[in-house]
Amino acid sequence: MKKLSLILVLFVLCTAFTTLNYYPIDGYTHTGIKRLKRLELIKSGELVDAAKLPAGAMKSYMDINLNLTSKKADSMGSFLVVDDAFQKEISSLFKGLDKSYSIAVLDISDPDSLRYAKRNETSGYQPGSVGKLAVLTGLFTQLAKIYPDDFEKRLDLLRSKSVRAGVWGLTDEHTIPIYNIETKKLVKRQVIASDVFTLFEWADHMLSVSNNGAASIVWREVLLMQIFGDKYPALTQDEADAYFKTANRRALTDLGNDVVNLPLRELGITKEEWRLGSFFTRGANTYVGGKDGSIGSPLGLMKFLIKLEQGNIVDEASSLEMKRLMYMTDRRIRYAQSPALKDAAVYFKSGSLYKCDRTKGEACGKYMGNVTNFMNSVVIVEHPDNCKYMVTLMTNVLRKNSGTDHMMLASSIDKLITK
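Heads up: the sequence shown at position 393 corresponds to 393 in UniProt numbering, and the numbers run straight through without jumps.
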């Protein structure tokens with residue numbers, strides 16, 4: 001009997017240390033996202049990889065929580081009250097800088113004593129890939145319509161429904177990680193029309209490596225969910241392809257715009273604070289056009305983060321799953337690359353868009369546009385000591401790569417909040 005008890009104890013301990021100590025590495029069983037299985041094997045020592053993830057990327061799947069559910073019923077205005085002392089500190093970081101820098105910062109370490117600061121927070125910017133969070137919101141909104149009373153069925157659809165890229169996934173320079181569990185081989189390449197992944201994997205490609213093709217494919221499926229409703233789970237690829245060949249492009253454009261923007265309006269985010277106007281790939285434009293253009297502001301994006309942490313995007317379970325999908329376990333860039341954040345859990349989305357005019361005779365290149373040069377960071381930071389805060393930073397600084405600016409501001413803001 002004692003021997004049996006000892007075996008049971010050892011089994012529980014081994015299970016805890018091998019499956020519950022790091023997220024999303026331990027999220028493969030829950031999501032079916034194959035890249036997570038590879039990270040799990042690297043962590044266990046079965047695979048060797050030179051890339052080292054920071055300590056903050058090892059958070060357990062089950063340890064990710066929402067921070068403002070105790071204030072679930074609180075109005076948005078109660079979160080956006082400026083703390084004068086905090087405002088003075090944040091403003092000091094931008095002395096001498098023009099209005100090309102806009103920001104909103106909310107310290108949520110103590111939900112009963114919030115600190116908020118802002119700078120040009122209503123200014124509008126081209127949001128770039130930050131708009132993929134609107135697509136994610138549309139996805140979970142539609143899942144709730146199909147299965148209003150069963151969240152597990154929503155997750156099962158994400159895991160089991162596989163869809164083909166088609167021309168919607170073309171073209172994007174960003175690569176996606178394709179991991180073969182049987183051969184344990186990883187390939188990184190651009191999306192091709194014949195690629196087939198589950199909804200969960202396409203959503204992960206959209207966020208973890210910011211693939212534009214994946215974003216258009218997820219958006220396409222959100223559109224199909226709205227059109228076919230509870231018949232969507234059984235919809236075949238051939239049926240979906242046939243539908244788009246005969247559908248009215250203008251009607252699809254209107255509906256496509258609605259499925260990603262109306263959920264934002266329901267969150268209290270206005271059209272001028274954040275909207276998404278067009279798909280992310282040229283291939284998608286074959287079937288759906290653009291409408292009203294895209295715009296984002298630090299205020300609109302901060303409202304989104306607050307609603308997420310309250311558990312008010314669809315429902316608590318959906319908000320939590322969306323936050324897990326934002327958790328960074330790939331290479332950290334821009335704001336998230338700050339050394340000050342290496343031990344912190346970081347939930348992040350970055351976006352950029354630049355335009356060059358070569359006739360001006362000025363230096364101009366990738367992320368260094370001389371006409372426009374948008375770079376945006378949306379981030380939730382959680383330090384191990386319970387220091388937690390959210391930042392939405394948007395810039396349009398011409399002729400320089402602002403990635404370093406974002407990283408340096410991240411270090412300065414972190415120092416202010418954690419002191």
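We put the beta carbon where it would ideally sit given N, CA and C, even for glycine.
Closest to residue i by CA distance: which of the options is it?
i, options, result
"residue 78", "154, 303, 349, 281", "303"
"residue 162", "335, 32, 129, 290", "32"
"residue 334", "401, 201, 387, 83", "401"
"residue 192", "150, 167, 209, 200", "167"
"residue 185", "355, 46, 409, 412", "46"
"residue 317", "123, 140, 369", "140"
"residue 74", "306, 337, 417", "306"
"residue 143", "231, 132, 91, 43", "231"
"residue 328", "39, 30, 29", "39"
"residue 288", "27, 37, 254", "254"
"residue 415", "365, 86, 349, 60", "86"
"residue 275", "146, 263, 323, 188", "263"
"residue 393", "290, 128, 114, 199", "128"
"residue 108", "404, 380, 278, 293", "380"
"residue 177", "155, 160, 209, 149", "209"
"residue 157", "221, 119, 89", "221"
"residue 341", "387, 121, 362, 312", "387"
"residue 121", "298, 313, 324", "298"
"residue 405", "48, 37, 103", "103"
"residue 277", "117, 360, 134, 97", "134"
"residue 88", "118, 195, 69", "118"
"residue 240", "293, 273, 165", "165"
"residue 369", "389, 97, 399, 347", "399"
"residue 180", "34, 190, 174", "34"
"residue 189", "175, 27, 358, 61", "175"
"residue 136", "309, 339, 395, 260", "260"
"residue 212", "196, 226, 265, 171", "171"
Give the range of the beta strand (DSSP E) segment to which residue i is assigned.
i, result
"residue 197", "196–198"
"residue 348", "345–355"
"residue 156", "That residue, residue 156, is in no beta strand (DSSP E); its alpha helix (DSSP H) goes 151–160."
"residue 103", "101–107"
"residue 178", "176–180"
Alpha helix (DSSP H) containing residue i: first to last residue?
i, result
"residue 304", "298–310"
"residue 189", "Note, residue 189: premise wrong, no alpha helix (DSSP H); beta strand (DSSP E) at 185–189."
"residue 221", "212–228"
"residue 265", "249–266"
"residue 242", "237–246"
"residue 28", "28–31"
"residue 138", "132–146"
"residue 74", "It is not in any alpha helix (DSSP H) - residue 74 carries neither H nor E in the DSSP assignment."
"residue 58", "Taken as a continuous stretch (DSSP letters only), residue 58 belongs to no alpha helix (DSSP H), as it is neither H nor E."
"residue 408", "403–418"
"residue 40", "34–44"
Would you list the residues sitting across from residue i in a DSSP beta bridge?
i, result
"residue 385", "Partner(s): none; residue 385 has no beta bridge."
"residue 275", "295"
"residue 118", "104"
"residue 379", "348, 391"
"residue 396", "374"
"residue 164", "196"
"residue 82", "116"
"residue 125", "296"
"residue 368", "365"
"residue 287", "DSSP, once it has assigned bridges, lists no residue as partnering residue 287."
"residue 327", "347"
For residue i, count neighbouring C-beta atoms within 10 Å of its own C-beta (all shown protein chains included) and say buried if the count is 16 or more, exposed if not.
i, result
"residue 22", "Reliability fails at residue 22, whose pLDDT of 29 lies under 50, so the model's placement of it is uncertain and the value that follows must be treated cautiously. Classification for residue 22: buried."
"residue 408", "exposed"
"residue 382", "buried"
"residue 331", "exposed"
"residue 251", "exposed"
"residue 295", "buried"
"residue 113", "exposed"
"residue 169", "buried"
"residue 337", "buried"
"residue 361", "exposed"
"residue 428", "Because the chain spans 1 through 419 in this model, residue 428 falls outside it and cannot be assessed."
"residue 152", "exposed"
"residue 301", "buried"
"residue 371", "exposed"
"residue 281", "buried"
"residue 310", "buried"
"residue 194", "exposed"
"residue 126", "buried"
"residue 97", "exposed"
For this session: May I ask you to verify whether the segment 241–259 touches the segment 192–206, counting CB pairs closer than 8 Å and requiring at least 3?
Result: They do not touch, by the three-pair rule.
Problem set entry | Inter-stretch contact (C-beta, 8 Å, three-pair minimum) for the segment 344–358 and the segment 369–379 | Contact holds: three or more Cβ-Cβ distances are below 8 Å.
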